[in-house]
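Novice: Numbering (this note's numbering), first residue to last: 7 to 410. Backbone N, C-alpha and C define an ideal beta-carbon position, used for all residues, glycine too.
(1) Starting from residue 297, trace the beta strand (DSSP E) both ways and give me its first and last residue.
(2) Among 251, 34, 229 and 131, which has the Cα closest to the Cα of residue 75?
(3) Could you tell me which whole beta strand (DSSP E) segments of length 3 or greater appear in the stretch 105-190?
(4) Just checking my contact of residue 338 with residue 63 at CB under 8 Å: how many whole Å lie between their CB atoms?
(5) Extract the residue ranges of the alpha helix (DSSP H) inside the stretch 194-266, only unbroken runs of 4 or more that lie entirely within it.
(6) Going by DSSP in three states, residue 85 sits in which element: helix, strand or coil?
(7) State whether the stretch 363-381 contacts the stretch 307-327, with contact taken as three or more CB pairs (one from each stretch) at a distance under 8 Å.
(8) Starting from residue 54, follow the beta strand (DSSP E) in both directions and report where the run begins and ends.
(9) With DSSP as the reference, label residue 91 as helix, strand or coil.
(10) Take the Cβ of residue 390 as the centre, count every other Cβ of all protein chains shown within 10 Å, and call the residue buried at 16 or more, exposed below.
(11) Does the stretch 281-291 come close enough to the stretch 194-202 that 3 or more CB-CB pairs lie under 8 Å?
(12) Could you work out which residue in 171, 123 and 109 is closest to residue 327 when comparing CA atoms only?
(13) Around the Cβ of residue 332, are there at least 16 other Cβ atoms within 10 angstroms (buried) or fewer (exposed)?
(14) Under a three-way DSSP split, which group does residue 333 fall into?
(15) Buried or exposed: which applies to residue 187, given that a residue is buried once 16 or more other Cβ atoms fall within 10 Å of its Cβ?
(16) What does the alpha-carbon distance come out to for the pair residue 18 and residue 341?
(17) What separation, rounded to the nearest whole angstrom, lies between the Cα atoms of residue 39 and residue 124?
(18) Under 8 Å between the Cβ atoms of residue 95 and residue 84?
(19) Roughly how far, in whole angstroms, is the beta-carbon of residue 90 from the beta-carbon of residue 279, given that I think they are within contact range, below 8 Å?
(20) For residue 20, which three-state DSSP category applies?
(21) Please classify residue 77: does DSSP put it in a helix, a strand, or coil?
(22) With 16 as the cutoff for other CB atoms within 10 Å, does residue 88 come out buried or exposed?
(23) Around the C-beta of residue 317, are 16 or more other C-beta atoms found within 10 angstroms, so that it is buried, or is it exposed?
(24) Thinking just about the alpha-carbon of each residue, which of 294, 37 and 364 is nearest to the one in residue 197?
(25) Quick one: give me the first and last residue of the beta strand (DSSP E) that residue 314 is part of.
(26) Would you please state the rounded distance, in angstroms, between the beta carbons of residue 190 and residue 262? I believe it to be under 8 Å.
(27) Count the other CB atoms, across all protein chains shown, that sit within 10 Å of the CB of residue 24; report buried if there are 16 or more and exposed otherwise.
(28) Could you check the C-alpha separation between residue 313 and residue 22 for me, to the nearest Å?
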């Protein structure tokens, strides 16, 4: 990489947020280069949900058919207790009156879908792997992005009109913008996640959310249209259990292996009827374990010609399934602003639009997680708890819809 290489916009990170940003910019006639630290982009991870507002963005980018061919359009959320008793059910996506579906999808397959589209539309070299952004300096008219070519062991510069830090949990761009403000806040909850192939799962379009009186929570839903076409279900599941005290944590990674022996005690006494949770966990091809963490909202994201996007800007608890969706909405807002204003003004307006919205969701996620745990652990009848939990969920949905 030479020091006279130039690009309109440089995006650090080829995750869902970074790739969607590149596609959204391209749709508005703005060139972008995506720099990814990993030597190759592989379809890793487990399941996620994409909310209707974010699906609308992807559909407007011409990805609706590809998304439908990959994910499951979730029809309903089914809330249970740990004995299998139904507490309440709520419609989702189109069934709830939205114009677009809510999709449950494999994170890696969505990332691959976005990567293929980016390379097809922007060119094969628009997404460069093995390139780690480790610093930047701003000039009057642009940004000099410092990059390490990991394969060659060489450093280089990339001149750009703007730098977007979409480099996730361990963002190097954020660390430079906000040194000393990277503390992770843990909920005192560990999450075990996995994928299990089943003969089928309910109607094939329903998510279940089950809680017990220890505030242990199981979320499970099918994520693969390809499996459904064969009469099968690829079930994504996550078990959340209290394992510590809320507060600062030293670090977190998304790919740490988990042990079945650590997971099973949290569901002793569970009986969900047709869904044998012990069997589902034990037949998972891989189990991951990581703490539930977020970061305190920032008072501002960027400076001048540098900004943040997605988890780098607003890491949030995975409560309400909004992390990836908010990154997609960030991408659309950023591209819209850059298409009609000079760069510094565009980035400022982008942050003024998206920062209050994502801050509201970070705080709503914390509030809902705490409230659900308090209600679940309190003595009382199933009907009483169901009514309170339904109210908590409805209040949360209202907050998110106002913010989005």
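Specialist: On the basis of the supplied data:
(1) 293-300
(2) 229
(3) 108-112, 133-135, 137-144, 149-155 and 160-171
(4) 5 Å
(5) 231-235
(6) It is a strand residue.
(7) yes
(8) 53-56
(9) Three-state result, residue 91: coil.
(10) Answer is exposed; the Cβ neighbour count stays below 16.
(11) Three or more Cβ pairs drawn from the stretch 194-202 and the stretch 281-291 lie within less than 8 Å of each other, which places the two stretches in contact.
(12) 109
(13) buried
(14) helix
(15) exposed
(16) Across the structure, residue 18 and residue 341 are spaced so that their CA atoms are roughly 15 Å apart.
(17) Those two C-alpha atoms are separated by around 10 Å.
(18) yes
(19) 4 Å
(20) coil
(21) coil
(22) buried
(23) buried
(24) For the options 294, 37 and 364, the alpha carbon positioned closest to that of residue 197 is the one of 294.
(25) 312-314
(26) That pair is no contact at about 14 Å.
(27) Residue 24 counts as buried, since at least 16 other C-beta atoms from the protein chains shown sit within 10 angstroms of its C-beta.
(28) 17 Å
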